[in-house]
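As given, the protein sequences belong to chains A and B, one line each in that order.
Reminder that position 70 of the first sequence reads as 70 in my numbering, one-by-one numbering, no gaps.
Reminder that position 121 of the second sequence reads as 328 in my numbering, one-by-one numbering, no gaps.
Where a beta carbon is used, it is the ideal one built from N, C-alpha and C, also for glycine.
Because the structure is a prediction, the values reported are computed rather than measured.
First up is the structure itself, then whatever we jot down about it.
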Amino acid sequence: MQTAGTRAADKDQDVVGLLRAGTAERAFALLLPRYEQKIYRLCCALLRDRSQAEDVAQESLVRIWRMLHRYDGRAALSTWIYAITRNRCLTALERRRRADGDAPDAADAGGEWAGSVAGQAGSDPGGLSAQQRDAQLRSLVDALPERLRRVLVLYYFEERSVDEVASMLGCPAGTVKTHLFRARAALAERLGALGLDDPRAWLEDET
Amino acid sequence: MSREPSDAALARALDAALAHALVAPELPAGFDARLQRALTRAAADEVDEITLRQLRQKLEQEQGERLAALQAGYLRLRRRTLAVLITGAFAAGAAAAVAMPWLTNQIGPSAPLLMSAIGAAVGLAVAFGSWIVRPGVSLQAYAATRAHHD
Numbered sequence: 001m002q003t004a005g006t007r008a009a010d011k012d013q014d015v016v017g018l019l020r021a022g023t024a025e026r027a028f029a030l031l032l033p034r035y036e037q038k039i040y041r042l043c044c045a046l047l048r049d050r051s052q053a054e055d056v057a058q059e060s061l062v063r064i065w066r067m068l069h070r071y072d073g074r075a076a077l078s079t080w081i082y083a084i085t086r087n088r089c090l091t092a093l094e095r096r097r098r099a100d101g102d103a104p105d106a107a108d109a110g111g112e113w114a115g116s117v118a119g120q121a122g123s124d125p126g127g128l129s130a131q132q133r134d135a136q137l138r139s140l141v142d143a144l145p146e147r148l149r150r151v152l153v154l155y156y157f158e159e160r161s162v163d164e165v166a167s168m169l170g171c172p173a174g175t176v177k178t179h180l181f182r183a184r185a186a187l188a189e190r191l192g193a194l195g196l197d198d199p200r201a202w203l204e205d206e207t
Numbered sequence: 208m209s210r211e212p213s214d215a216a217l218a219r220a221l222d223a224a225l226a227h228a229l230v231a232p233e234l235p236a237g238f239d240a241r242l243q244r245a246l247t248r249a250a251a252d253e254v255d256e257i258t259l260r261q262l263r264q265k266l267e268q269e270q271g272e273r274l275a276a277l278q279a280g281y282l283r284l285r286r287r288t289l290a291v292l293i294t295g296a297f298a299a300g301a302a303a304a305v306a307m308p309w310l311t312n313q314i315g316p317s318a319p320l321l322m323s324a325i326g327a328a329v330g331l332a333v334a335f336g337s338w339i340v341r342p343g344v345s346l347q348a349y350a351a352t353r354a355h356h357d
């Protein structure tokens, strides 16, 4: 039975082959369309700021391009790429924290989506359009604890692939599943706290 | 009885609603063009870094060679000085031995003592002179230091 790691390693055999042949430029050209979107999504999920995510995704790709000839094949290529991206994101978060002078992170207070629905959470949640319902749901997701939020967001960004999320965040698939379960439970609880008569009907409402 | 199916239905509805709300962001327009520019800049920086590294290595190598040459020259000079001093001492001794009978005739029995005193004075003068004029210490600097101490 194949694990997520071996599947990822198999997927990138062509890139690794080019690297072993000493053609890092061609290897990079091959991996770029495969990973740039995922790197950007990972940055969006970790940073909660799309403009900063774009900068950090670009920085990460330049770093990958520079370091590609040093890739030694000990870990799967995707693991190596995501580790570089996560490190750049952590550096950017630290930079942001310093720039904010240790003030509570603006993103942690609600994230990039929360502002658009500020004030709506307290009003009658019933009778919202599907768009408003999505926005309110996103604001609830943004209010989740960080470790649960990033797993949940990446899970839906990556079309419900637990293995991919585990690889992106560098944690076991079991941890991802646990966090997903807790995140959904927390969301269901918060939906209940909104005072909805029928949360299920509200969620399924397509108006 | 109906609790579990209701929870499962809510979970399904939540899953569908989240999938609808959390749409994966697309790469911003122009991302690839900006990335290509950043890669070109990075490549140019890398060439600059390599050139600087090579230049630094070359300068360090040249400096090392120059230092080695200076050290070899200094050792050669020290050996030559020592050889000159030893040869001079032997030559002076030989000259004194040859000239001693004639000097004793001219000056008297105190000639050996006088010659030894003159030899010692010349030796001390040479030693003092070489100590003062050692590399990096000029006579003026020595005089200035003395004046400062006085």
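request  = State the DSSP-derived secondary structure class of A/Arg74, mapped to helix, strand or coil.
outcome  = Within the first sequence, numbered from 1, the residue matching residue 74 of chain A stands at position 74. A/Arg74: coil per DSSP, three-state reduction.
ask   = Can you tell which of A/Cys44, A/Ala135, A/Ile64 and A/Glu158 has its C-alpha closest to the C-alpha of A/Leu77?
value = Here the question's residue 77 of chain A lines up with position 77 in the first sequence. The shortest Cα separation from A/Leu77 among A/Cys44, A/Ala135, A/Ile64 and A/Glu158 belongs to A/Ile64.
ask   = Below 8 Å, can you find three or more Cβ-Cβ pairs linking the stretch 280-287 of chain B to the stretch 317-325 of chain B?
value = no
message = Mapping the DSSP letters down to three states, classify A/Asp198 as helix, strand or coil.
response = Numbered from its first residue, the first sequence carries residue 198 of chain A at position 198. Coil.
message = Alpha carbons only, please: which of A/Val62, A/Arg41 and A/Arg138 is nearest the one belonging to B/Ala249?
response = By 1-based counting over the second sequence, the position of residue 249 of chain B is 42. Out of A/Val62, A/Arg41 and A/Arg138, A/Val62 has the C-alpha closest to the C-alpha of B/Ala249.
Cross-chain neighbours of A/Arg182 in chain B, by beta carbon under 8 Å = Taking the first sequence and counting its residues from 1, the one referred to as residue 182 of chain A is at position 182. Under the 8 Å cutoff, chain B gives no residues; its nearest Cβ is about 13 Å from A/Arg182.
ask   = Roughly how many whole angstroms lie between the Cα atoms of B/Gln268 and A/Arg41?
value = Your numbering for residue 268 of chain B matches position 61 in the second sequence. Your numbering for residue 41 of chain A matches position 41 in the first sequence. Computed Cα separation, rounded: 49 Å.
key: First and last residue of the uninterrupted alpha helix (DSSP H) at A/Arg34   = As a first step, residue 34 of chain A is located in the first sequence; it is residue number 34 there, counting from the start. Note, A/Arg34: alpha helix (DSSP H), Ala24 to Leu47.
message = Which same chain residues end up closer than 6 Å to A/Thr85 when comparing Cβ atoms and leaving out the 5 residues on each side of it in sequence?
response = The count along the first sequence starts at 1 and reaches residue 85 of chain A at position 85. Result list for A/Thr85: Ile39, Leu42 and Ser60, in chain order.
B/Glu272, enclosing alpha helix (DSSP H) - first and last residue = As a working mapping, residue 272 of chain B is identified with position 65 in the second sequence. Start and end: Phe238 to Ile314.
request  = Taking only the alpha-carbon atoms, compute the straight-line gap between A/Ala130 and A/Leu140 and give it to the nearest angstrom.
outcome  = In the first sequence, counting from the first residue as 1, residue 130 of chain A sits at position 130. In the first sequence, counting from the first residue as 1, residue 140 of chain A sits at position 140. Between A/Ala130 and A/Leu140, the C-alpha separation is close to 15 Å.
ask   = Along chain A, in chain order, which residues have C-beta atoms closer than 7 Å to that of B/Ala231?
value = Looking up residue 231 of chain B in the second sequence gives position 24. The answer, in chain order, is Arg41 and Phe157.
ask   = Does any residue of chain A bring its CB to less than 8 Å from the CB of B/Ala226?
value = Position 19 of the second sequence holds residue 226 of chain B. So, interface residue.
message = I'd like to know whether the C-beta atoms of A/Ala83 and A/Gln52 end up nearer to each other than 8 Å.
response = Taking the first sequence and counting its residues from 1, the one referred to as residue 83 of chain A is at position 83. Taking the first sequence and counting its residues from 1, the one referred to as residue 52 of chain A is at position 52. No, the pair does not count as a contact, with Cβ atoms beyond the cut-off.
key: Contact check, A/Phe157 vs A/Ala45, beta carbons under 8 Å   = Position 157 of the first sequence, counted from the start, is the residue given in the question as residue 157 of chain A. Position 45 of the first sequence, counted from the start, is the residue given in the question as residue 45 of chain A. Yes, Cβ-Cβ distance for A/Phe157 and A/Ala45 is below 8 Å.
query = Using CA coordinates, which residue listed in A/Leu144, A/Met168, A/Trp80 and A/Arg74 is at the minimum distance from A/Ala183?
reply = In the first sequence, the residue the question calls residue 183 of chain A occupies position 183. Checked all of A/Leu144, A/Met168, A/Trp80 and A/Arg74; the closest Cα to A/Ala183 is A/Leu144.
key: Close Cβ partners of B/Ala302 (< 6 Å) along its chain, the five nearest in sequence each way excluded   = Taking the second sequence and counting its residues from 1, the one referred to as residue 302 of chain B is at position 95. If we look at B/Ala302 and ignore the five residues flanking it on each side, it has no Cβ neighbours.
Proximal chain A residues relative to B/Leu259, where beta-carbon distance stays under 7 Å = Taking the second sequence and counting its residues from 1, one reaches residue 259 of chain B at position 52. For the C-beta of B/Leu259, not a single chain A residue is nearer than 7 Å; the gap to the nearest is close to 16 Å.
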